[in-house]
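S.K.: Numbering (the working numbering), first residue to last: 13 to 486.
Encoded as structure tokens, here's the structure I'll be asking about.
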Ligand code: SER
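Below, the structure written as structure tokens:
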């Protein structure tokens with residue numbers, strides 16, 4: 013295979029090194045010193061104070077691959093990962109930065125050269141978006157970006173979009189600016205003949221996807237909502253590695269790239285179940301586990317163990333989701349996910365030495381969590397069998413289904429499945445009522461909510477947004 017994940021990453025870093033960039037390490041995926049942010053979710057997080065002018069850049073040009081985690085939120089929920097073929101909890105964001113050095117012209121030229129001349133992406137399949145302007149922001153169309161792109165690509169494939177898609181903001185406050193995204197049309201020739209890709213850009217089509225976001229940092233969003241022009245102009249780019257590899261390997265799913273194939277093969281080996289790549293169960297379980305093992309292993313390697321609150325609870329919740337899928341869909345009643353972590357270290361340990369160093373700890377922690385949670389699940393199963401034996405009701409009442417969900421960690425789907433096997437039904441209305449009551453309790457218990465990060469712009473790297481305390485209490 014020509015473009016392995018490791019080669020694609022190395023090529024990106026090598027390219028920017030050859031163009032005067034210092035290649036730096038990824039910042040940790042877990043953030044310990046920022047009360048507003050639990051996990052790194054964009055490559056630029058670690059450079060925030062340079063952008064806003066509070067810190068001088070030692071190097072004017074930087075490149076790296078950043079471990080990012082985006083969990084929970086209003087647009088994409090953790091519960092969705094695995095159901096489709098392109099969302100992830102943890103992902104790698106390849107990025108290059110210019111701190112007051114080059115700006116739009118060079119950023120666009122470098123991105124185009126790398127994608128087309130180095131990676132060999134078919135230029136005919138590429139579309140770019142530019143900021144179309146916004147009255148409220150008092151900003152017009154980004155004509156400069158349009159004119160610069162015209163030097164590389166036909167004008168008809170340069171598409172203006174509004175603030176939601178093409179004005180990137182770090183959060184409610186902080187560095188921001190217009191952006192320009194690069195999209196690739198991966199559809200078959202036949203499909204391309206039928207529908208113009210221009211109508212599919214930014215429409216959530218799984219085959220017309222954004223791969224790279226070039227942000228032209230020019231402003232700082234202040235507490236009062238005003239945009240203050242920065243003293244210097246900066247470049248912040250972010251490209252989803254898994255998506256880029258999918259493009260270069262010509263596969264239909266992120267989960268078919270070499271890295272995920274290896275993880276999925278390892279899951280098959282452990283469970284004895286074959287992966288078919290369909291949208292259905294049990295294939296979803298393979299994708300859930302292959303995705304989640306990365307998030308969990310990297311968090312543990314960076315010092316965040318599973319626990320009952322804050323970032324630790326997020327790690328626990330993600331791991332439990334993987335265990336549940338293994339338990340209910342792959343019939344795994346004993347720990348096995350820890351073994352998949354071994355494959356992950358084989359695949360990614362050369363680039364991320366923290367995985368190699370932490371291998372023993374990662375596997376030990378995961379195995380312990382698996383044992384504990386599996387026994388909880390077993391207890392829940394016992395609770396259900398007692399119910400089936402002792403009552404003739406044929407209906408699992410709402411409060412019981414809720415107790416299984418809340419105390420035993422049983423997803424409602426699992427309760428439904430087990431009940432159906434016995435010819436019973438679940439009182440879903442009653443369950444939903446209990447769920448609502450609990451949400452109210454959580455809301456009243458903690459009126460404060462703290463953000464995982466509010467990404468106002470959705471891009472290839474915008475997976476999960478805005479974690480509230482209610483999510484953490486679930
Ligand atoms: N900050 C931008 C993003 O997260 C580009 O790196 O998409």
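The C-beta atom is built at its ideal place from N, Cα and C for all residues, glycine as well.
Taking just the CA atoms, how far does residue 217 sit from residue 412?
M.R.: One C-alpha to the other measures close to 40 Å.
S.K.: Classify residue 141: buried if its beta carbon has 16 or more other beta carbons within 10 angstroms, exposed otherwise.
M.R.: When all chains shown are included, residue 141 counts as buried.
S.K.: DSSP state of residue 230, grouped into three classes?
M.R.: Strand, per DSSP.
S.K.: Going by C-alpha distance, which of 359, 291 and 373 is nearest residue 275?
M.R.: Among 359, 291 and 373, the Cα nearest to that of residue 275 is on 359.
S.K.: Given residue 153, which residues of its chain have a CB within under 8 Å of its CB, disregarding the five upstream and five downstream residues?
M.R.: Hits under 8 Å: 142, 143, 144, 145 and 172.
S.K.: Please name the residue in 50, 242 and 337 whose C-alpha comes closest to that of residue 292.
M.R.: Looking at the Cα atoms, 337 is the closest of the given residues.
S.K.: Taking just the CA atoms, how far does residue 408 sit from residue 428?
M.R.: Their Cα atoms are separated by approximately 9 Å.
S.K.: Run the CB neighbour count on residue 116, radius 10 Å, all protein chains shown included, and call it buried at 16 or more, exposed below.
M.R.: Its Cβ being crowded by 16 or more others within 10 Å, residue 116 is buried.
S.K.: Pull up the CB-CB distance for residue 196 and residue 259, whole angstroms please, since I reckon it's below 8 Å.
M.R.: About 5 Å separates the two Cβ atoms, so the contact holds.
S.K.: I want to check one thing, is the minimum distance from the CB of residue 227 to the heavy atoms of ligand 2 below 7 Å?
M.R.: Although ligand 2 was asked about, the structure shown includes only ligand 1 as ligands.
S.K.: How would you label residue 250, buried or exposed, when you count the other beta carbons within 10 angstroms and need 16 or more for buried?
M.R.: Classification of residue 250: buried, given that the 10 Å Cβ count is 16 or more.
S.K.: Could you check if residue 119 belongs to the surroundings of ligand 1, using beta carbon to heavy atom distance under 7 Å?
M.R.: No.
S.K.: Using CA atoms only, rank isn't needed, just tell me which of 77, 174 and 289 is closest to residue 363.
M.R.: That would be 77, whose Cα lies nearest to the Cα of residue 363.
S.K.: When you compare the CB positions of residue 52 and residue 39, do they come within less than 8 Å of one another, or not?
M.R.: Yes. Within cutoff.
S.K.: Say yes only if the C-beta of residue 102 is nearer than 7 Å to one or more non-hydrogen atoms of ligand 1, and no if none qualify.
M.R.: No - ligand 1 has no heavy atom lying nearer than 7 Å to the Cβ of residue 102.
S.K.: DSSP puts residue 34 in a beta bridge; with which residues?
M.R.: According to DSSP, residue 34 bridges with 74.
S.K.: Does ligand 1 have a heavy atom nearer than 7 Å to the CB of residue 362?
M.R.: Flag unset: Cβ of residue 362 not near ligand 1.
S.K.: Check whether the Cβ of residue 248 lies closer than 7 Å to any heavy atom of ligand 1, and answer yes or no.
M.R.: It does: the Cβ of residue 248 is within 7 Å (strictly closer) of some heavy atom of ligand 1.
S.K.: Taking just the CA atoms, how far does residue 71 sit from residue 287?
M.R.: Answer to the nearest angstrom: the Cα atoms are 46 Å apart.
S.K.: So, is residue 322 buried or exposed, given that buried needs 16 or more other C-beta atoms within 10 angstroms?
M.R.: It is exposed - the Cβ of residue 322 has fewer than 16 other Cβ atoms within 10 Å.
S.K.: Let me check understanding here. Comparing Cα to Cα, which of 448, 310, 136 and 270 lies closest to residue 43?
M.R.: Here the closest residue by C-alpha is 310.
S.K.: Can you find a heavy atom of ligand 1 that lies under 7 Å from the Cβ of residue 54?
M.R.: Yes, ligand 1 has a heavy atom inside 7 Å of this Cβ.
S.K.: For residue 159, report the span of its beta strand (DSSP E) as first-last.
M.R.: Per DSSP, residue 159 belongs to no beta strand (DSSP E); it is in the alpha helix (DSSP H), 155 to 161.
S.K.: Which runs of the beta strand (DSSP E) at least 3 residues long sit entirely within the region 239 to 318? Give them in chain order.
M.R.: Listed in chain order, they are 239 to 252.
S.K.: Measuring only the C-alpha atoms, how far is residue 56 from residue 75?
M.R.: Distance between the alpha carbons of residue 56 and residue 75: 11 Å.
S.K.: I'd like the list of long-range same chain contacts for residue 18, defined as Cβ closer than 6 Å, with 5 residues on each side in sequence excluded.
M.R.: Cβ neighbours of residue 18 beyond the five flanking positions: none.
S.K.: Have a look at residue 255 and residue 222 and give me their C-alpha separation to the nearest angstrom.
M.R.: Approximately 8 Å, taken between the alpha carbons.
S.K.: Which one of 324, 110 and 396 has the shortest CA to CA distance from residue 83?
M.R.: Nearest of 324, 110 and 396 to residue 83, Cα basis: 324.
S.K.: For the putative contact between residue 179 and residue 149, defined by C-beta atoms under 8 Å, what is the C-beta separation to the nearest angstrom?
M.R.: Indeed they touch by this definition, with Cβ atoms about 7 Å apart.
S.K.: When DSSP labels each residue in this structure, what does residue 118 get in the three-state scheme?
M.R.: Here residue 118 sits in helix by DSSP.
S.K.: Just to check, is the beta-carbon of residue 107 closer than 7 Å to a non-hydrogen atom of ligand 1?
M.R.: Indeed, a heavy atom of ligand 1 lies less than 7 Å from the Cβ.
S.K.: Suppose only complete runs of 3+ residues qualify. What are the beta strand (DSSP E) ranges in the region 148 to 208, listed by chain order?
M.R.: Qualifying beta strand (DSSP E) stretches, in chain order: 170 to 173, 179 to 181 and 186 to 197.
S.K.: Does the distance from the C-beta atom of residue 421 to that of residue 332 stay below 8 Å?
M.R.: Contact: yes.
S.K.: By the three-class DSSP mapping on this structure, what secondary structure does residue 63 have?
M.R.: Helix.
S.K.: Which whole-angstrom value is the C-beta distance of residue 228 and residue 187, which I expect to be below 8 Å?
M.R.: 11 Å between Cβ atoms; not a contact.
S.K.: Measuring only the C-alpha atoms, how far is residue 395 from residue 304?
M.R.: Approximately 28 Å, taken between the alpha carbons.
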